[in-house]
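Residue numbers (this note's numbering): -7 to 159.
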C-alpha cells in the first residue's frame, strides 16, 4: 500500500522519468525496474519506492546493483505488514488474517551486500537520510518505519467490493 502514496507526493518532472505499474502485477518488481531505469538513464538519479512485503521478492537484486555500480536509492516503507491486504481485510471482514510481518532491518541486508543502508524512524530524519543515500556513491536503501494507513487505492477496493456484494 505504501507505493500508492508516492504518486500523490512525487511529481513527474520530465517525460519518461516516472514509472508506476498498477495492481498486483507489480509486486516485487520495483528493484528490477529501478535497475533498468538506471541503465537507460545512467546520469539520472533513480529513486524507487517499495513496501516491506514487496521488497522480499527481489531484495537480493541489490547484489546486482552493487556489482554493476548501479547507484539506485530505495525508500522502503516498513509497516511490518502486507499493508493493502491488511487494510482490505479490516475493511471487509473486520479483522486481518496472515498479514503481519516482522520489523525487519532490511538496511542491514543491503549493507551486507556492500550497499548503503539506513533505518529511519522519525519524519524529520527522512530528508537528511535521503541526502546521505544520494551522496553515498553506491546503491542505497532507506528502511523507513511508517504507520499503518490505508491508501486511496485500498479504500477504493473496499468500496467496490462492498458495492458489488449482494444485498
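For every residue, glycine included, the Cβ atom is placed at its ideal position computed from N, Cα and C.
Because the structure is a prediction, the values reported are computed rather than measured.
Skipping 5 residues on each side, what residues in its chain have a beta carbon closer than 7 Å to that of residue i?
i	result
residue 149	80
residue 89	81
residue 103	109
residue 126	37 and 65
residue 11	25 and 29
residue 124	110
Check this for me: beta carbons of residue i and residue j, under 7 Å apart or not?
i	j	result
residue 64	residue 26	yes
residue 43	residue -2	no
residue 116	residue 99	no
residue 49	residue 131	no
residue 145	residue 71	no
residue 121	residue 92	no
Going by alpha carbons, who is nearest to residue i out of the options?
i	options	result
residue 23	139, 40, 92 and 123	40
residue 6	37, 147 and 130	37
residue 101	32, -6 and 134	134
residue 69	155, 114, 85 and 120	114
residue 94	77, 137 and 56	137
residue 142	157, 78 and 159	78
residue 86	154, 21 and 61	154
Tell me where the alpha helix (DSSP H) around residue i begins and ends.
i	result
residue 84	75 to 85
residue 45	44 to 50
residue 134	Not the alpha helix (DSSP H): residue 134 falls in the beta strand (DSSP E), residues 132 to 137.
residue 147	144 to 156
residue 53	53 to 59
residue 140	No alpha helix (DSSP H) contains residue 140, which DSSP labels as neither H nor E.
residue 24	22 to 32
For residue i, collect the residues of the same chain with a Cβ closer than 6 Å to its Cβ; drop the 5 residues on either side in sequence, then sort them by chain order.
i	result
residue 128	108
residue 19	46
residue 106	58
residue 83	150
residue 118	112
Just reading off the beta strand (DSSP E) that residue i is part of, what are its end residues?
i	result
residue 67	64 to 70
residue 102	It is not in any beta strand (DSSP E) - residue 102 instead sits in the alpha helix (DSSP H) that spans 98 to 104.
residue 112	108 to 112
Please work out which residues of its chain come closer than 8 Å, Cβ to Cβ, to residue i, disregarding the five sequence neighbours upstream and downstream, and give them in chain order.
i	result
residue 52	105
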